[in-house]
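Chains as they are written, first to last, in my numbering: chain Y, 1310 to 1884; chain G, 60 to 807. Beneath this line is the structure, given in structure tokens, with notes to follow.
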Amino acid sequence: MDGRFDGVGARPRRQAVHQPMLQMPIRRVEVRSERLAESFALFLLFGVAFGVLGYWMVVQHHVVPFDGLERLAGAYLAWHNDPPKLAAIGFALPPLQTIALLPFTLIRPMATSLVALPVCGAIFGGLTMVVLNRLLERCEMPRTLRYIVLLLVAAMPTTAFYAGVGGAQMISLFLLAAAMASLIAWFLTVDTRFLITSGLGFAVASMASYDAFAWMLLAAAMVATSLSRHRAGEQEIEGSVITFAAPTGYAFLLWCLCNLLIVDSPFGWISSGGSASVNATGATGAAGGGVSLLHALSSTLTLAWSAAPLVFVVAGGLIWVAYAQRNELAGWLAAFCVLAVLSPGAGAVIHNSVSSLQLSNGMPMLLVAICGAAVLYKSVVRWRPMIAGALVVGLVLSIGVVWHALRVYPQQNLEQSFRTVLSGQQPTVSRGGLAVGVGQEQAMADYIDHHIGAEKSILTDNSQTYAVILLSNRPALFSTRLDHGDGPWLSEVVTPPRAIHYLLITRNDPADALRDSYTGAVAGDRTGVRLVFADARYALLAIAPGTTLRNSRTSIDAPSVPGGLVPVNQLAGTR
Amino acid sequence: MSATVQPTDSLIGARRLTLELTEPVCRAYGVLPIAVNGRHLKLAVLDQRRVLPAELTEYEIEKRQWSLPEFQRALTAVFGERVGADRPRPLDPKPVRRGKRLVELGLITEAQAERALAMHRQTGSKLGEILVASGQLSEQELLAVIAEDLGLQHVDLTNFQPDPALVGLLPEPVARTLRCVPLAATATTLYVAVADALNEDVLDRITRTTTLEVTELLATRNSIDELLQRIYRDKYVERATDDLRLQTPENSADVVISRGQRAVLIALIVAVVAGFVGFPHETAIALVSVASAFYLAASLYKARLIYSSLGHGAYIETTAQEIAALDERDLPVYTILVPLYKEAAVVPRLLEGIGNLDYPQTKLDVRLLCEADDDETIDAIRALNPPPHFRMVVVPASEPRTKPKACNYGLLQADGEFVVIYDAEDRPDPDQLKKSVLAFRKAEPQVTCLQAKLNYFNTDQNLLTRWFSIEYSMHFDLLLPGLCAARAPIPLGGTSNHFRIDRLRELGAWDPFNVTEDADLGIRLHKAGYATAMIDSVTLEEANSDVHNWIRQRSRWIKGYLQTWLVHMRNPAKLLSQIGPGAFISFNLIVGGAFIFLLNPIFWALTTLFLVTHAEFIQAVFPPFVFYVATGMLFIGNFVFVYLNVAGSLQSGHPGLTRYALLSPLYWGLMSWAAWKGFIQLLYRPFYWEKTTHGLDMPTPSRAAWPAEFERRGADRRELADDDAESTDRRSGLDRRWSTWDGKPVME
């Protein structure tokens, strides 16, 4: 009827004909209030559930992925470093993953207690459920079925895990869900507002996950092709595509500009390898070695099967409906399914690393499967009961498959430990050799907090020791890359200034630039540098008074303080 | 394909449908429901291709094409005899008689009389007025016939010199309202020029006041108006200039900065200077923080208003069928004020635009407001010899020489129930006046003004016109509706504001000292407890296509916004209590938001300097929180407004402009340039009106656009006016009871 693409070549109009502005205002207001109440209730329900689960995992069992810890530390230092630096959000990972945590790290205890992670995850998890509910409602699913679907999606082990630990995936999933829901709404109503919302959604999503750029390009093609097929004018097509794509284009340019200004590499972020899981043990949670095309394809299909097996069934259904009904929307969603499945494989080929094939990269596949199922339900009216049943059964079975994958899937980041915790045990190591817990970091942080007072007296590579800095809650003690940039900090590494009394290094991480410069110091093989405190992952070294540190370029005289250690009550580093 | 219609079938169908399809709707769309089954509707149509009424959008429709006779029979069967406006009423005998008389006199043909009578039936206007308005009869001829009818003399007041002593016998408001002017007197009789015979009560009043018997002399309405203008020119100028200032001096912009404001400003300057001397770093941070906070608040508010308008038009809806169903006999007189200055080139286009309005010409009171020293425009209008409902009002030269003063002058003799302002180059939607009448009838009682949308007809002329169009689309399609929906004070657009005249006069009309008198009036309106609403009707204007011309125009607008802000913020506490906190904040963010254009270049310069030099002193004045807000505003805030321009262009049906909207920041640079010009001018020439040159979209300012009809009518009227009295008498067969006036009565 009016104002819609019905998938069978009907001519679209931009807005529904004779859309009444003031007709039945009372009913419109009532419906709006009902929807708001429902959305709020869903947000509260799922948010609280994820939050409780997350608190239990993160704060009590210390199941904290280190990439989450790194983002949390970045957000914390953006506020509380001395001086505060927005650059702490970093330029390798998508910035929004860290920016989303900024409001929570404004309050120090939220950051240092790690509560910020589950709170952030719970909020985005709740929002994702609200968006999915709205999408399912637009596709005419009855309330009971919607709630069942939402419960099953929330109960998916990966959803629960990432929402609980505040994984970056939840942020990008919410944004992608909002963008996709708006895109589908635009297709169904031809209302410009949804086109705008979708464009903005993809733009923001691209700053949470770089894969969203590819999604946006596919969506832009969908917009242009659909309008063209329905005989929209050239200007309308151009205008619509510009309106849709401009936000993402701007985000891309802005991010390149920021990278150019701050790290002098406008496009370095593209090849930075995305989100690799790592922690201070040096384990990456990823298998080594190069990736061939065939390997990438088979791996990505394995990932899809492990993380979102429903996507295969849904994709098949969409292709069939697209062919049988000439249903344009179904066809495009099938394309999105293919994109979601192949993206991780493509990333593996580009970066020549299997890090792109993390279990977490299966979440978009689950999202697009839900979107596709909703569209199938709307499109094939006669078979709605069957589709509903298949969806529910499919989700239940998926839960089982994913639960199994938590144990056996090779590329993951503490997902296995989540399963272990749910089974009633306390994990110490997760699949891939990743250590569970922040005990080592906490111990080092406590020591520093109790024994060191002079500001900027500890030289450290914050890109590796961020967890210690965060948990110490005294970033002013540390002299890091953030303070004045990489260049001046590296000079300090070569020639530590007089104010530096300590060196904090990781024991096993090859990426630690400081450790690199002071090899042997932990073992006592470096004159003038004495081990003060160490645990399995970190070592705190003191520079002995009167010692000249000879590095490859120059040397310094260590400050003359009797006893080596700076007394705790000497908080001001006066020289 | 036809069907035998059973009236009951259709009635049952119509009732079951509960469509409430009225007869006018069925006639307008050429449809009639035949049968209904659930959502399936069988519909008889006259034309398969025609758009269907909104009431039918939810049905699956099966159309059956019927012939016109079948359709008419069915319509009659369903709805009975024609009712309402379509039912012919018995003719008033008076216009019939007059029509016959005019035909007998050879002044019009029978066909012309028939057409005029039909128009009389439709509009209720007098037959003579209809004939004169359509150029088939001259005013003088009509006057002669009416005079004969009434047994009165008629006079030509063109060169009449009034006697001040006599004029004073009738107070000006009486003379103006009744349109009567004392011309001469004897010991017992006062000769009064009138546009129409006065009723007995009025005659008695005048007799009692003057103690003289009154003899009426008929003159044309326009000539009486012109005479009154000649007589009371100084008084009218005084009223046009001083009414608001005397009525509510606190609302007049004749004083740029009040004493209180001056004191506050001096105190602020002293505090800032002292702060820079004692605590330079902290003072700089404080200033930057305040500016950033203001930026943020204004941007967020505007973005919220605009986004809330996307997809939701806050207009008073009027449908095509409602307009079609309007009874023109009930339409009020509508005054159109058109201030003109150096607009000779666009006068033909202006007359064409107004001539295209779908409104009975006899109910239009068009006042072309010309300045006394603008001979070019005055001559151009006279050369065109427009119909009598176009009245030229020559505004005497006096300070301030502004558009609002001219409008106030023109408003003094306005006849309408409603008034609208149009600019010289405006092309309003033909049905805008009817929409306005309908909207006022539907609106809440406090709605005093209706703002139509403005846009441009030369959008694609160049990049500047495209930017201008984008800005206007955003402003009138999104921002103003958002303000309406938020019930905030609305700074009105420059033209196409429709007012209830009585309330406009009550408010003191326009402030002659404010160069954005429209914005100011919108605020005063809100302060007085009245409201503005919007109508979904467009007036196309000429977008400025020349950068220098644009700068002049924009500098005046921004100067006017600053003036308006200063006027209404003379007593902030009082304003807050008058309009409430929400409206107070809105006013400061929208109208006060003009200050942002002054701040922009400063912040852009700081940003550029920092990016290039990384100067420490710049970093020092942006502490972390302020830095984050400012960075957010720079990168996100600016993008939001660029994007709203892009989205607004698409939303308002101008997809071709989206690519130009991406270049909006360059346009903002121009706006800041103009803002500083306006700000500086506010200090030394606050009332100076930067005149905008129009007609820049035309290849040559020429008569090429003159409609043939106007040309022909103008020639006809010139011919009639040139006829000597003898030939006129021969044609009319009238008694020659002309009287010419050189200050004394001449009776024949």
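Where a beta carbon is used, it is the ideal one built from N, C-alpha and C, also for glycine. Quantities reported herein were computed from a predicted structural model and do not represent experimental measurements.
query, result
"With a 10 Å radius around its C-beta and 16 neighbouring C-beta atoms as the bar for buried, classify residue 607 (chain G) as buried or exposed.", "exposed"
"Kindly indicate which three-state DSSP category residue 1689 (chain Y) falls into: helix, strand or coil?", "coil"
"Return the bridge partner residues of residue 394 (chain G) from the DSSP annotation.", "G:424 and G:478"
"Sorted by chain position, which residues of the same chain lie with C-beta nearer than 7 Å to residue 174 (chain G)'s C-beta, five sequence neighbours on each side aside?", "none"
"Ordered along the chain, which non-local residues of its own chain (more than five positions away) have a Cβ less than 7 Å from that of residue 747 (chain G)?", "740"
"Can you find a CB in chain G that lies within less than 8 Å of the CB of residue 1406 (chain Y)?", "no"
"In angstroms, rounded to a whole number, what distance separates the CA positions of residue 1444 (chain Y) and residue 1812 (chain Y)?", "53 Å"
"Quick check: what's the CA-CA separation for residue 1420 (chain Y) versus residue 1569 (chain Y)?", "30 Å"
"Once you ignore the five residues that flank residue 1549 (chain Y) on each side, which residues in its own chain have a CB closer than 7 Å to its CB?", "1504, 1532 and 1536"
"In the DSSP output, which residue or residues are listed as bridge partners for residue 1787 (chain Y)?", "Y:1767"
"So residue 213 (chain G) is in the beta strand (DSSP E); what residue range does that whole segment cover?", "212-214"
"Look up residue 449 (chain G) in the DSSP assignment and give the residues it is bridged to.", "G:425"
"So, does the CB of residue 696 (chain G) fall closer than 8 Å to a CB anywhere in chain Y?", "no"
"Can you tell me where the alpha helix (DSSP H) with residue 1565 (chain Y) in it begins and where it stops?", "1543-1572"
"Kindly identify the DSSP beta-bridge partner or partners of residue 557 (chain G).", "G:479 and G:509"
"CA-CA distance, residue 184 (chain G) and residue 206 (chain G)?", "19 Å"
"Apart from the five residues just before and just after residue 417 (chain G), which ones in its own chain have a Cβ nearer than 7 Å to its Cβ?", "489, 490 and 493"
"Starting from residue 599 (chain G), trace the beta strand (DSSP E) both ways and give me its first and last residue.", "590-600"
"Take residue 1736 (chain Y) and list the residues in its own chain whose beta-carbon comes closer than 6 Å to its own, dropping the five residues that flank it on each side.", "1726, 1729 and 1745"
"How is the beta strand (DSSP E) around residue 1822 (chain Y) delimited, first residue to last?", "From DSSP, residue 1822 (chain Y) is part of no beta strand (DSSP E) but of the alpha helix (DSSP H) over 1822-1826."
"Can you find a CB in chain Y that lies within less than 8 Å of the CB of residue 715 (chain G)?", "yes"
"Between G:126, G:85, G:610 and G:467, which has its C-alpha nearest residue 113 (chain G)'s C-alpha?", "G:85"
"What are the partner residues of residue 122 (chain G), as DSSP defines its beta bridges?", "G:102"
"Look at residue 823 (chain G) and residue 711 (chain G) and say whether their C-beta atoms are less than 8 Å apart.", "Because chain G here runs from 60 to 807, residue 823 (chain G) falls outside it and cannot be looked at."
"Does DSSP classify residue 311 (chain G) as helix, strand or coil?", "coil"
"Using a 10 Å radius around the Cβ and a threshold of 16 neighbouring Cβ atoms, would you call residue 532 (chain G) buried or exposed?", "buried"
"At 3 residues or longer, what runs of the beta strand (DSSP E) sit wholly inside the region 1709-1772 of chain Y?", "1767-1769"
"Report the residue from G:250, G:640, G:123 and G:727 whose alpha carbon sits nearest the alpha carbon of residue 105 (chain G).", "G:123"
"Going by alpha carbons, who is nearest to residue 1471 (chain Y) out of Y:1673, Y:1488 and Y:1525?", "Y:1673"
"Enumerate in chain order the residues of its own chain whose CB-to-CB distance from residue 239 (chain G) is below 6 Å, with the five nearest sequence positions on each side excluded.", "251 and 253"
"Taking Cβ positions only, does residue 1556 (chain Y) come closer than 8 Å to chain G?", "yes"
"Establish whether the CB of residue 620 (chain G) and some CB of chain Y are separated by less than 8 Å.", "no"
"Grab me the residues of residue 541 (chain G)'s own chain with a C-beta within less than 7 Å of its C-beta, minus the 5 sequence neighbours each way, in chain order.", "364, 365, 367 and 368"
"Would you grab the beta carbon distance between residue 352 (chain G) and residue 699 (chain G) for me? Rounded to a whole angstrom, and I think it's under 8 Å.", "The pair is not a contact, with the Cβ atoms about 17 Å apart (cut-off 8 Å)."
"Using a Cβ-Cβ cut-off of less than 8 Å, give me the residues of the region 1486-1513 of chain Y that come near chain G, in sequence order.", "1500, 1501, 1502, 1504, 1505 and 1509"
"For residue 1843 (chain Y), write down the residues that DSSP places opposite it in a beta bridge.", "Y:1848"
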